[in-house]
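According to my numbering, the sequence shown is numbered sequentially starting from 5. For glycine and all other residues, C-beta sits at the position ideal for the given N, C-alpha and C. Beneath this line is the structure, given in structure tokens, with notes to follow.
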Amino acid sequence: MPTIFSKIIARQAPAEIVYQDEWVTAFKDIHPAAPVHILIVPNKEIPTVNDVTPEDEPMLGRLFTVARKVAEQMGIASSGYRLIVNCNHDGGQEIYHLHMHLLGGRRLGPMLAKRD
Ligand code: 5GP
């Protein structure tokens, strides 16, 4: 099922696109959780990590090289950043179009809230 991300990729819905090529599109998150919060999204509609196949491996590699490029572009490469991919309900996924979050611009703290 197409999500709002497909419309953003096709430039049929507004978003601040910071990078786009034949495989991926990167744009600013509408509700940023850090000073820099970019979503790096495959142009192909893949709902979750559970749906990736070996054929997707070049595109999945591209997500990382674009993360590196955009981190440099945003000036956070040396200060550091976090890459997150949520999967399904327990992973906190809201939009069922695979995406990588690139977060930085401040100390992000522990990765998960710890529980006893
Ligand atoms: P998830 O929880 O699925 O890993 O993350 C989805 C992200 O997409 C959230 O951080 C949310 O703020 C962002 N988001 C949802 N709808 C839109 C939208 O229409 N435009 C943009 N730019 N980001 C969106």
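| request: Specify, as a first and last residue, the run of the beta strand (DSSP E) that residue 30 falls within. | output: Your numbering for residue 30 matches position 26 in the sequence shown. Start and end: 28 to 32.
| request: List the DSSP bridge partners of residue 108. | output: If you number the sequence shown from 1, residue 108 lands on position 104. Residue 108 pairs with 40, 85.
| Which residues DSSP lists as bridging residue 24, in chain order | By one-based count along the sequence shown, residue 24 stands at place 20. According to DSSP, residue 24 bridges with 29.
| message | To the nearest angstrom, how far is the alpha carbon of residue 48 from that of residue 27? | response | For the purposes of this step, residue 48 is taken as the residue at position 44 of the sequence shown. For the purposes of this step, residue 27 is taken as the residue at position 23 of the sequence shown. Answer to the nearest angstrom: the Cα atoms are 7 Å apart.
| Is residue 38 near the ligand 5GP, going by C-beta to nearest heavy atom under 6 Å? | For the purposes of this step, residue 38 is taken as the residue at position 34 of the sequence shown. No, Cβ of residue 38 sits at least 6 Å from all heavy atoms of the ligand 5GP.
| Where residue 74 sits in the DSSP three-state scheme | On the sequence shown, position 70 is the one that residue 74 refers to. It is helical.
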